[in-house]
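Asks: Mind having a look at this structure? Questions to follow.
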Amino acid sequence: MQFFQFTEEQEMLRKAVREFVETEIAPHAAKWDEEDHFPAELLPALGELGVCGIFVPEEYGGAGMGYIERAICLEEIARHSAGLAIAIMTHHLGMSAILDAGSEEQKQKYLPDCCAGKKLAGLATTEPGGGSDYTGQKATAKLEDGFWIINGRKCFITNHQADVNVVTAVNGQDEKGRNMITTFIIEKGTPGFNTGRHENKLGLRGSITGDTIMDDVKVPEANVLGKVGAGVKIGMAAIGEVGRAGMSAICVGILRGCVEEAVKFANERILYGKPIAKLQAIQFEVANIRTDYEAAKYLTYAAFAKKDAKIPATTDFALAKYFSSEAAVRSSKRCMDLMGGYGVINEYPVGRFLRDALASIPSGGTSHIQQLIIAGSTLADFKA
Amino acid sequence: MKKKIWVFAEQVKCGLDPVVFELLTKAGELAAELGGETEVGAVLLGDGVEPFCGQLAEQGAEVVYLADDPALGLYNPMLYAPLIVELAKKEQPEIFLFGATAIGSQLGPTVAAGLATGVAAHCVDMRINSDKLLVADVPSFGGKILGEILCPDNRPQMASVKPGIFVQGPARPQPLNVVKMDLSLLPRNELPLKALSLEKKEVEGVPLEKADIVFCGGYGLGSKENWDKLVKLAAIFGGAAACTRPAVDEGWSGGEHLMVGTSGKSIRPKVYVGFGISGATHHICGMKDSGLIISVNKDENAPVFEVSDVAVTMDLNKVLDGMLARFN
Amino acid sequence: MALNIVVCIKPVPDPAYYDKVSIDPVTKRITREGIPTIINPVDKNAIEAALQLKTTYGGKVTVVTMAPPNATENLREALAMGADEGILLSDRAFGGADTLATSYTLAKGIEKLDAFDIVFCGAESADGATAQVSSQLGEWLGVPHLWNVFAMEAPEEKRLRVKTKIENGAMEWEIKTPCLLAVAREINKPRFISAMGIIKAKNKPISTWGKNDLLVEDSHLGLDGSPTKAGGVFTPDLKRKGEVLKGDPEQIVEELLQRLRAGGISIDLDGSCEWGGGK
């Protein structure tokens, strides 16, 4: 094994995204959180920066970089605004489904505008009945006279206001009676396709999450993404290796925020004539936070590296996401403890970090789901 | 031969720049330190500027080198620099000082290149050492570090000084002695650089450099409304309002001409009151010579308190509103 | 119809960290450890100005810096912004240069390139902030030059109208190419580097030229070519007593007014006459 090192281009990308984030995002992050405002106005700039289509090949208007670069972008955005980061992460989610399963026409039609930040993408699979019971979904799709008629309700959909929506629905049952699921691309404004309630979330605010309602939505067959009945594979791949992966990178960003805020506060806060950084009790907390950050970073980027190498990485992303999101929760709590009363004052971002970290846990699969995936592969792989 | 210390007598439209008088005072001090027969001279170029010669002599210029020509009406480095370079080659001054104004900041190094000599830029202090050399203290890293700059082998030893760094001393009248520069050196052909116009805004209220009391706002001001309050306060006290770089960038203050710091103005009012200023070195460098420094910042760890005489660790809104209410 | 544009940049320690710059008490050298090196901020405005002109008229933007070898990183960043080629002037013999020697070396580097139409520089560097290199570079190159340019129009390819900042005002100029313009930060907002730019930059050429690659006279280089010499360095002691005022806002205001009076500001505290009205 060689030592862990980003390439010169990756370092340059990190610096470039950081510069953008520090000037265009960081100053507004608290306000977006407070007002639950999604800064749609920033999308074109993020498109120009290459963040929107970072992993999309150049022929579809993307930057032509890989998934490690995607993680870098998400980490840097999440360092100051995990709320915006999950919106971008979900934008990627919709795009990745089109990129991986779409026809050439579909890629040409949708990806360039999404890469440019002219259009926002999203992915809607979860239903009130639950997100993890993937095949148990209730939305239906019927083929009538060469058009698909789709009905149903999706919930907890981040970017439910998106322009380009990748949506799953049940189109029938196979010979064993199992639901067959098909993925569709539905554009905003299609008659019958509407946004429902807007959830008031604890954290990751500034990304819009809510219901997507489909009431006799009629789309041509050309809107089927991949093959009819291939929806399980397409959706699970996107969620497992793009959505879950993105959440992991976002949590690494939150963790870096914890490290930086903890160090800043520990050095600036003077107690009994010296900075509290000199106190061992504080140093223990700093060490714990740093360890969480480093471990999360290594797990996350190692999984992304596998994905770039086209090696299946479902378990790796489950490990990374499980660890990073739980670490982000405990480290932001530690950071608050370290700050004493200041920790709960909203002028400091740490309270927001904690809320964002907590809200990260159900996104892309709860910790329990990750544990099931990890346990499943462990019990199989470590059998003597 | 007499040693010569020169000052570039910058003028635009409305008269000589105040920095010229500050430099003439300093030149007089340096002449005394150099000892022997040292003569202070002023170099004046322009159109219809001959009347200024008297003011220069009044402030200590024993010689005024004058180039008065319609072509020199507007500053143009391609006209000014060659005349000054030729004059300096002929007269061999020991020291040559420029104001680090917009014009001086360009003309100084341009002349220095023509004379293949060095310029100590933006000096905050200068003196003559035991080797009779000019030693200039020059700030770097936003004023965090001061370094001594010498120019031992080349002449003249040049330096530029920002307005407000030195204080204009009492008049030191000299007999008027005007030496006209050789205008035959003035290029008369069409130049690739033409000055078309010069515009100056009239400064409203008391100019920042002349105010006895300056109310200065930083990033902590937080809004344009608070800046307007500062302006109001300044008007009540007959002083001036000023700002830091972040307050300019946020678009709260009137503009960069009100900015105090290494890339802005150096001020030394009797009293400086800072609101919401953290104390970046760049800013401190521009206000450190104020008589009394009062800082208002709710962050009790703000570095600005280290360089303040009086610290108020309170929400600046309360102090601002309290001050205004006191006079309402 | 195309412009050959050169931009001079300087890698500087990031100004956000200047509070951390100090002098080593033993070696008396300036320590700037741990402070990242970035492109001098206003030099990015110079790059942006060049890129905008290139967009209008076509042509080529070459970025030149005189710096230690690791400055290729900063050049690469300029290329990622959109410049076409980078030139690093690097040689031990260039070390210790003051503004005259620096501008001489830059001039010799630029003269080795194809004839230029415009050279852009930032008006001053964040670290040394002498603001002298651009004017002296213009002199070495023998072209008209302006400093502190905050607005620029190029009505024709070979003729520009520019405005320079002066105290409380502006001067307007007409300048013909070839020329040199040192820009102020107000001139534009530098673009952010994009992922696409980074990928393109990977294959753009960066050349490193030492003393032997240039037609230079040794006596003009580095420390030997520098008329100014550095003496001692020190950190100014600006400490004041920082007496903290206590009390509620009214008490603080009263206390402040007393301080102002003690500081030499005459104020009428008893309110016997109206402010703003004639006494």
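Chains A, B and C, in that order, are what the protein sequence lines are. For the first sequence, my numbering gives the first residue as 1, with consecutive numbering after it. For the second sequence, my numbering gives the first residue as 1001, with consecutive numbering after it. For the third sequence, my numbering gives the first residue as 2001, with consecutive numbering after it. Ideal Cβ placement from N, Cα and C applies to all residues, glycine included.
(1) Can the beta-carbon of leucine 2075 of chain C be found closer than 9 angstroms to that of isoleucine 2118 of chain C?
(2) Could you tell me the distance, in whole angstroms, from the CA atom of threonine 209 of chain A to the CA atom of proline 44 of chain A?
(3) Reducing DSSP to helix, strand and coil, say where histidine 37 of chain A ends up.
(4) Between valine 1319 of chain B and proline 2249 of chain C, what straight-line distance do the alpha-carbon atoms span, to the nearest angstrom?
(5) For the region 100-150 of chain A, list the beta strand (DSSP E) runs that are entirely contained and at least 3 residues long, ordered along the chain.
(6) Who pairs with valine 166 of chain A in a beta bridge, going by DSSP?
(7) Please classify valine 344 of chain A: is it buried, with 16 or more other beta-carbons within 10 angstroms of its beta-carbon, or exposed?
(8) Have a look at B:Glu1022, B:Gly1114, B:Arg1127 and flag the residue whose alpha-carbon is nearest the alpha-carbon of leucine 1034 of chain B.
(9) Find out if the Cβ-Cβ distance for the pair lysine 2112 of chain C, tryptophan 2209 of chain C is shorter than 9 angstroms.
(10) So glycine 2082 of chain C and lysine 1201 of chain B are supposed to be a Cβ contact under 8 angstroms. How far apart are they, rounded?
(11) On the criterion of 16 or more Cβ atoms from any shown chain inside 10 Å, does methionine 1314 of chain B qualify as buried, or is it exposed?
(12) Between the C-alpha atoms of methionine 1181 of chain B and alanine 16 of chain A, what's the straight-line distance to the nearest angstrom?
(13) With DSSP collapsed to three states, give me the class of tryptophan 1252 of chain B.
(14) Would you kindly work out how many angstroms separate the C-alpha atoms of glutamate 1250 of chain B and cysteine 1123 of chain B, rounded to a whole number?
(15) Would you tell me roughly how many angstroms separate the C-alpha atoms of glycine 273 of chain A and aspartate 1299 of chain B, rounded to the nearest one?
(16) Whose CA, out of B:Thr1244, B:Lys1144, B:Glu1204, B:Arg1245, lies closest to the CA of alanine 1234 of chain B?
(17) Is there at least one Cβ from chain C nearer than 9 angstroms to isoleucine 54 of chain A's Cβ?
(18) Using a beta-carbon distance below 9 angstroms, is lysine 2165 of chain C in contact with chain B?
(19) List the residues of chain C that isoleucine 1213 of chain B touches, going by C-beta distances under 9 angstroms, in chain order.
(20) Under 8 angstroms Cβ-Cβ, which residues of chain C neighbour cysteine 1151 of chain B?
(21) List the residues of chain A that serine 2194 of chain C touches, going by C-beta distances under 8 angstroms, in chain order.
(22) Check whether the Cβ of isoleucine 2198 of chain C lies closer than 9 angstroms to any Cβ atom in chain A.
(23) According to DSSP, is aspartate 2014 of chain C helix, strand or coil?
(24) With 9 angstroms set as the bound, which would you pick, yes or no: does the beta-carbon of aspartate 2218 of chain C sit closer than that to a beta-carbon of chain B?
(25) Along chain B, in chain order, which residues have C-beta atoms closer than 9 angstroms to that of lysine 2239 of chain C?
(26) Can you check DSSP and say which residues form a bridge with phenylalanine 1275 of chain B?
(27) Which chain C residues sit within Cβ distance under 7 angstroms of glutamine 1106 of chain B?
(28) Got a sec, what are the start and stop residues for the alpha helix (DSSP H) cysteine 1053 of chain B sits in?
(29) Which residue marks the beginning of the beta strand (DSSP E) containing methionine 1 of chain A, and which one marks its end?
(30) Does any residue of chain B bring its CB to less than 9 angstroms from the CB of cysteine 2121 of chain C?
(31) Got a sec? Which residues, its chain only, sit under 7 angstroms from alanine 266 of chain A by beta carbon, not counting five neighbours each side?
(32) Quick one: give me the first and last residue of the alpha helix (DSSP H) that valine 385 of chain A is part of.
(33) Excluding the 5 residues preceding and the 5 following valine 1206 of chain B in the sequence, name in chain order all residues of the same chain whose CB lies nearer than 7 angstroms to its CB.
(34) Closest Cβ-Cβ distance between leucine 42 of chain A and chain C: below 9 angstroms?
(35) Give me the Cα-Cα distance between glycine 2277 of chain C and valine 1231 of chain B, rounded to the nearest whole angstrom.
(36) Specify, as a first and last residue, the run of the beta strand (DSSP E) that asparagine 1226 of chain B falls within.
Replies: Based on what the coordinates show:
(1) no
(2) 21 angstroms
(3) Histidine 37 of chain A: coil per DSSP, three-state reduction.
(4) If you take the alpha carbons of valine 1319 of chain B and proline 2249 of chain C, they lie about 6 angstroms apart.
(5) 121-124, 140-144
(6) A:Leu123, A:Ile185
(7) exposed
(8) B:Arg1127
(9) yes
(10) Contact flag wrong, Cβ pair sits at about 35 angstroms.
(11) Label assigned to methionine 1314 of chain B: buried.
(12) 54 angstroms
(13) coil
(14) 30 angstroms
(15) Roughly 16 angstroms separates the two Cα atoms.
(16) B:Glu1204
(17) yes
(18) yes
(19) Ordered by position in chain C, the residues that pass the 9 angstroms Cβ test against isoleucine 1213 of chain B are Leu2260, Gly2263, Gly2264, Ile2265.
(20) Pro2227, Thr2228, Lys2229
(21) Ala16, Glu48, Leu49, Gly50, Ala63
(22) yes
(23) coil
(24) So, not an interface residue.
(25) Among the residues of chain B, those whose CB is under 9 angstroms from the CB of lysine 2239 of chain C are Glu1306, Val1307, following chain order.
(26) B:Gly1217, B:Val1296
(27) Ser2135, Trp2147
(28) 1052-1058
(29) Premise fails: methionine 1 of chain A is in no beta strand (DSSP E) and is neither H nor E.
(30) no
(31) Pro275, Ile276, Ala277, Ile282, Val286, Leu338, listed in sequence order.
(32) Any answer about residue 385 of chain A is impossible in this case: the structure gives chain A only from 1 up to 384.
(33) Gly1238, Gly1239, Ala1240
(34) no
(35) Its pLDDT being 35, under 50, glycine 2277 of chain C is placed unreliably by the model, and the measurement read from it follows with that caveat. Rounded to the nearest angstrom, the two C-alpha atoms are 18 angstroms apart.
(36) Annotation for asparagine 1226 of chain B: no beta strand (DSSP E) segment contains it, though the alpha helix (DSSP H) segment containing it runs 1224-1237.
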